[in-house]
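Protein chains in written order, with this note's numbering: chain A, 23 to 485; chain B, 23 to 485; chain C, 23 to 485.
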């Protein structure tokens with residue numbers, strides 16, 4: 023076994039595991055989103071993440087991966103569609119010459135889960151009112167849009183990469199893009215029934231905050247694949263184990279975002295709102311995504327602290343301007359994605375930019391705004407392309423068949439209307455032998471016989 | 023540090039991590055199963071997975087691992103029981119000469135979690151009505167049955183391995199076996215009260231679909247250890263990082279299963295039922311388990327698409343013939359396990375069969391049904407052995423002490439009857455200071471003071 | 023790529039992944055703790071884990087890591103505070119000469135998640151009644167206390183390490199310390215309202231046992247990073263892949279704890295209580311933490327079996343002496359942590375102590391109690407230091423500003439009182455378009471039209 027092969031083997035272990043962690047972020051989004059919306063839509067909202075990741079995986083295999091990472095020109099890949107056995111086993115060969123550290127299969131796996139994350143973000147702002155078929159059709163469309171932009175910024179032949187844009191793991195590619203489509207969707211769908219009744223933003227609290235907590239921890243966990251895995255190997259330049267450094271930076275930013283989100287909510291809302299604190303974590307993770315390979319620990323803390331403020335203020339501001347974004351996708355992934363992309367231009371350590379061979383040192387080290395301008399250019403180009411493409415696509419769908427469910431359907435909930443089932447049926451319908459049925463009365467009788475642990479007085483006190 | 027040792031170290035990292043991922047599938051089964059059954063049994067159903075994995079781990083250490091992977095004859099291992107420190111640290115030495123790429127401890131760890139998965143499948147069809155002691159006793163028995171078959175197919179000295187049977191990660195060994203025992207259990211237990219009242223299959227909807235979604239994503243996540251880890255190392259034949267390819271194949275099949283399950287349910291049930299879509303994912307993962315090292319990407323998609331149909335039609339068919347299988351284990355793990363085993367015989371790429379040094383190319387490449395016949399022979403042998411052994415064991419237990427709870431116990435729910443507690447006590451009994459007690463009234467009063475966010479009109483509208 | 027660098031790369035892959043697994047244990051604690059307490063506090067209890075891990079990560083970066091693993095004297099590290107880019111990328115250099123197998127960043131990452139686990143344990147005994155600011159302030163204080171002790175026992179220059187104390191992954195450092203602070207907190211807070219009303223320990227059942235099951239499985243899963251990752255590399259002494267052995271030992275103990283906890287509960291409480299079984303798993307994992315690199319498989323089983331008994335009897339005993347510990351932290355992490363530390367002194371295999379170059383063989387092999395005395399000395403020193411420091415800190419906080427919420431706040435629940443929101447709002451307040459509102463009535467009407475699956479008779483039977 024040669025050393026070169028051992029290195030590829032080690033790279034593949036790391037990249038595949040990182041991909042697996044990122045794939046698990048689907049559970050994070052499913053529970054974050056289901057937790058922050060209403061009971062009557064819970065099965066729909068959690069379940070559609072699985073379905074859409076399926077759609078995305080197939081489309082990305084057939085077309086997206088070739089667009090994003092197949093050999094091609096500065097604007098798109100032009101080869102590597104529906105890849106075969108051989109191209110997936112090869113390392114550093116056409117049509118995937120981009121992947122020199124791992125086999126093509128590891129490349130596909132690592133990249134498809136990123137597409138899946140970007141797509142998961144989209145639905146946050148469209149929750150509780152879109153038709154089921156929209157998920158299928160726009161899922162396909164967005165996967166293709168996403169793939170084009172990832173070619174621009176991540177492929178070594180892409181035009182923004184060529185200009186030196188720094189987006190280590192995708193504040194722009196993944197998060198900002200997802201938020202742009204989410205914004206288009208929210209604008210075209212309009213707000214949920216009752217959201218702006220009476221002329222102000224009425225809160226529609228999520229039905230299960232522990233779900234949202236679980237979702238957030240899963241996302242934090244998965245982000246250790248997202249950012250550190252973006253090294254695509256175990257050695258980066260001449261740094262052995264550089265991905266550990268990326269993990270450190272990621273964790274510091276997330277930690278700062280938690281504290282900052284909680285404190286900001288305490289100051290602004292007069293209570294340390296839990297969901298705002300969670301948003302602070304996520305906004306910080308989003309922001310540090312571009313920066314995680316480029317910045318120093320202190321800068322990670324600064325990025326996270328600012329993101330926590332962005333999360334709280336941003337979510338309130340989006341509501342203030344009349345956009346109904348149930349999960350806060352526009353603020354958390356969009357505004358914070360922009361912040362992270364710019365912050366990289368401010369804080370990039372010159373030595374790390376050299377290690378990664380991407381762009382230059384940031385403003386605080388070089389005194390030059392060059393890198394900030396490159397980042398801004400990238401944001402502008404992606405903003406124009408992704409928002410207009412997404413808006414055009416959804417607008418066309420809206421005109422042709424409509425993208426929003428009927429009022430009655432929305433009121434009844436998507437679970438029963440769109441899927442013919444309930445997320446928690448025992449709270450809604452009599453289930454044979456279930457809670458709330460005659461058996462339940464019987465079963466409460468049982469309870470009185472069976473529970474030696476609850477003292478009689480407390481039962482009576484409560485009765 | 024020699025290259026040979028570095029390779030073993032890298033192998034061990036990969037195999038141990040894969041084992042850890044597979045272990046986590048217990049959470050997937052716990053939440054899938056708890057989500058698809060009723061509230062009154064939720065603590066029992068989720069909790070028994072932990073207990074049973076404990077039983078399985080001990081039995082497999084004492085006996086099962088020796089039967090499955092200890093040196094022995096064509097039908098069983100005859101050594102390596104209750105392994106010592108030395109045999110667990112050794113690599114490629116008796117009594118575990120089978121494990122040449124990793125230390126014995128990594129072998130144990132990787133194999134015990136597979137036994138745990140097979141055992142977890144069993145209970146799906148027996149849910150909501152079996153006595154607690156059955157889990158202990160049949161848990162022991164099935165672990166031993168399972169170990170025998172895994173010796174036949176996976177140990178290089180096993181008779182089915184010798185014939186060239188291709189079951190890369192266990193469509194037959196793990197899933198089909200689990201489903202056979204599940205079927206035996208469902209037949210001997212009979213249906214739940216009310217299931218076939220009125221002569222037809224009355225649906226008993228699961229109480230928490232988001233749990234089932236979480237369970238499914240955890241299983242998909244864990245399957246990236248299950249299939250790719252079955253390479254038992256980072257280099258396979260002369261392919262560096264071949265496990266990444268296995269992961270790719272696994273993901274494509276699951277994705278196709280999600281889409282196919284949803285579409286099939288839409289056509290058959292007129293709604294894209296979420297739990298059917300989840301079954302599609304799982305059926306596809308089950309089917310691709312045998313095939314994942316052998317087939318091309320397009321074949322993975324075909325396998326997944328067919329599995330999605332199997333999941334929907336199979337679950338309905340099992341109910342139609344009068345078997346009450348609350349989780350769909352027989353269809354999803356049994357029928358789809360058979361499909362995957364046969365599909366491998368159809369679609370195996372000759373070059374990959376050569377890489378894995380197991381069997382021959384499949385029908386579509388060779389025009390020969392040889393491999394399909396080998397697969398069928400394996401299915402027949404395992405079907406006969408595992409079903410009859412499981413049935414005999416459960417039948418004896420039923421005769422001796424009974425395996426089904428009393429009607430009153432089943433009606434009240436296993437949580438309170440068998441464990442003396444509730445899964446969600448605040449919905450069933452007055453908990454001091456809990457929901458529904460006097461404090462709750464007090465607390466609702468609090469709510470009116472504390473929630474500035476809910477506009478008065480919406481509260482009144484709702485009242 | 024030199025072999026030395028390949029080894030460091032492989033070490034870093036393993037250590038970083040192990041750290042990620044341990045980080046995920048925060049989700050385990052969040053769901054274990056939320057599941058075992060009441061609905062009205064669920065958002066607070068789950069959410070504060072995220073916040074506190076954020077606080078811990080920042081403090082540990084600024085100060086704790088330097089205290090624990092910076093170069094210094096026998097009692098504390100005196101360098102490496104707020105580490106820079108260079109020190110995080112370096113391997114085996116000042117101020118972190120301790121980390122010779124991985125870069126400093128991997129060291130930080132692996133150690134900060136351990137601090138986070140120890141801190142998570144603290145709150146278990148303080149659940150449902152502490153003020154929010156306590157989490158911030160004592161979170162900072164405990165992180166520092168913890169760091170000092172980890173220097174004593176784990177840093178090669180620490181005084182207890184020098185005496186040969188064996189605490190492989192922290193039964194003492196992490197679990198016993200957490201439990202000592204938890205005990206101090208429970209004593210200073212006093213019991214929850216109603217807990218000892220009528221002079222006896224009234225059970226206050228946790229609101230969601232499936233959450234507790236999920237939490238336990240996540241913890242078991244994460245423990246495969248916790249113990250095996252503590253090798254800090256893929257080769258230990260001359261054992262390649264020794265961490266796999268540690269994983270095996272960990273799994274066997276946990277399995278024995280599950281069985282033993284269930285059986286003990288069956289005998290003592292006359293029912294196989296699910297939460298007691300889960301406590302058995304956790305107590306076993308706690309106990310085997312110190313022992314996991316030192317003992318034989320049979321000893322792991324013994325350690326686990328005893329721990330299962332400790333979990334049940336310990337939890338009941340703590341309640342009997344009038345301490346209200348909602349999650350059982352004192353028994354599960356404290357008593358079992360002591361047991362595990364001592365058991366290592368009893369059962370350590372001499373050859374493994376030599377491999378780890380720490381202490382001597384245990385009593386059953388050497389006939390000498392030397393190692394047991396060393397372990398006892400360590401327990402005594404840590405007990406005195408951590409308990410008194412934690413008590414003093416919390417006592418001061420109590421005197422200055424109070425650490426317990428008002429009675430009205432506790433009765434209403436911390437979610438609404440401290441955070442201005444509900445964990446499950448639809449059970450408490452009218453949510454626009456939510457469960458229990460007018461829309462729900464409408465939606466139940468819908469349900470009758472939309473559910474073809476529930477047979478009419480069962481609906482009527484239930485009505």
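Glycine included, every Cβ here is placed at the ideal spot set by N, Cα and C. Keep in mind that this is a model prediction, so the values were computed, not measured.
| Asked | Found |
| --- | --- |
| With 8 Å as the threshold, decide whether the Cβ of residue 299 (chain C) is near any Cβ in chain B. | yes |
| Going by the CB atoms, is the gap between residue 456 (chain C) and residue 61 (chain A) shorter than 8 Å? | yes |
| Whose Cβ in chain C lies nearer than 7 Å to the Cβ of residue 58 (chain A)? | Under the 7 Å cutoff, chain C gives no residues; its nearest Cβ is about 11 Å from residue 58 (chain A). |
| Determine whether the Cβ of residue 243 (chain B) lies closer than 8 Å to any Cβ atom of chain F. | Of the protein chains in the structure, A, B and C, none is chain F. |
| Would you say residue 61 (chain B) lies against chain A (beta-carbon separation less than 8 Å)? | yes |
| Using a Cβ distance threshold of 8 Å, determine whether the stretch 28–44 of chain A contacts the stretch 199–212 of chain B, with at least three qualifying pairs required. | no |
| Can you grab the Cα-Cα spacing for the pair residue 475 (chain B) / residue 49 (chain C), in whole Å? | At residue 475 (chain B), the pLDDT of 37 sits below 50, so the modelled position is not reliable and the matter cannot be decided from this model. |
| Helix, strand or coil for residue 253 (chain C)? Go by DSSP, reduced to three states. | helix |
| Starting from the beta carbon of residue 66 (chain A), find every residue of chain C whose beta carbon is closer than 7 Å, and list them in chain order. | Chain C residues near residue 66 (chain A): none, gap ~13 Å exceeds 7 Å. |
| What do you get for residue 451 (chain A), buried or exposed, if any count of 16 or more other CB atoms within 10 angstroms of its CB means buried? | buried |
| Going by C-alpha to C-alpha distance, which of A:81, A:359, A:453 sits closest to residue 227 (chain B)? | A:453 |
| In the DSSP assignment, the alpha helix (DSSP H) including residue 46 (chain A) goes from what residue to what residue? | 25–57 |
| Taking only the alpha-carbon atoms, compute the straight-line gap between residue 163 (chain C) and residue 77 (chain C) and give it to the nearest angstrom. | 11 Å |
| Output the boundary residues of the alpha helix (DSSP H) element that contains residue 244 (chain B). | 231–248 |
| Could you name each continuous alpha helix (DSSP H) segment of 4 residues or more that falls completely within the stretch 340–406 of chain C, going from the start of the chain to the end? | 358–369, 372–378, 385–388 |
| Is DSSP giving residue 421 (chain C) helix, strand or coil here? | helix |
| For residue 341 (chain B), tell me which candidate among B:390, B:411, B:222 has the shortest Cα-Cα distance. | B:222 |
| How would you call residue 142 (chain B), buried or exposed, if buried means at least 16 neighbouring beta carbons within 10 angstroms? | buried |
| Run through chain C and tell me which residues come within less than 9 Å of residue 261 (chain A), C-beta to C-beta. | 111, 125 |
| Kindly give me the distance between the Cβ atoms of residue 28 (chain C) and residue 274 (chain A), rounded to whole angstroms, as I take these residues to be in contact under 8 Å. | Not quite, the Cβ-Cβ distance comes to about 28 Å (not below 8 Å), so this is no contact. |
| I'd like to check one pair, residue 53 (chain B) with residue 240 (chain B): are the Cβ atoms closer than 8 Å? | yes |
| List, in chain order, every chain C residue whose beta-carbon is nearer than 8 Å to that of residue 230 (chain A). | 445, 446 |
| Residues in the stretch 144–168 of chain C with C-beta within 8 Å of chain A's C-beta atoms, listed in sequence order? | 154 |
| Taking Cβ positions, are residue 247 (chain B) and residue 43 (chain B) nearer each other than 8 Å? | yes |
| Quick check: what's the CA-CA separation for residue 361 (chain A) versus residue 322 (chain A)? | 12 Å |
| Using the three-state DSSP reduction, which class does residue 279 (chain C) fall into: helix, strand or coil? | helix |
| Which parts of the stretch 162–220 of chain B are runs of the alpha helix (DSSP H), unbroken and 4 residues or longer, counting only runs that do not cross its ends? | 181–185, 199–211 |
| Report yes or no: do the stretch 315–330 of chain A and the stretch 279–293 of chain A share at least 3 C-beta pairs separated by less than 8 Å? | yes |
| Strictly under 8 Å for the Cβ-Cβ distance: is residue 312 (chain A) near chain C by that measure? | no |
| I'd like to confirm the pairing. Which residues does DSSP put opposite residue 261 (chain C) in its beta bridges? | C:258 |
| Measuring alpha carbon to alpha carbon, tell me which residue in A:291, A:300, A:401, A:166 is nearest residue 354 (chain A). | A:300 |
| Applying the criterion that 16 or more other CB atoms from any shown protein chain within 10 Å of the CB defines a buried residue, is residue 376 (chain A) buried or exposed? | exposed |
| Please say whether residue 357 (chain B) and residue 336 (chain B) have beta carbons closer to each other than 8 Å? | yes |
| Measuring alpha carbon to alpha carbon, tell me which of B:189, B:260, B:103, B:57 ends up nearest residue 400 (chain B). | B:189 |
| Is there at least one Cβ from chain C nearer than 8 Å to residue 441 (chain B)'s Cβ? | yes |
| Is residue 441 (chain B) near the ligand NAD, going by C-beta to nearest heavy atom under 7 Å? | As far as ligands go, the structure on display features none, and thus does not contain the ligand NAD. |
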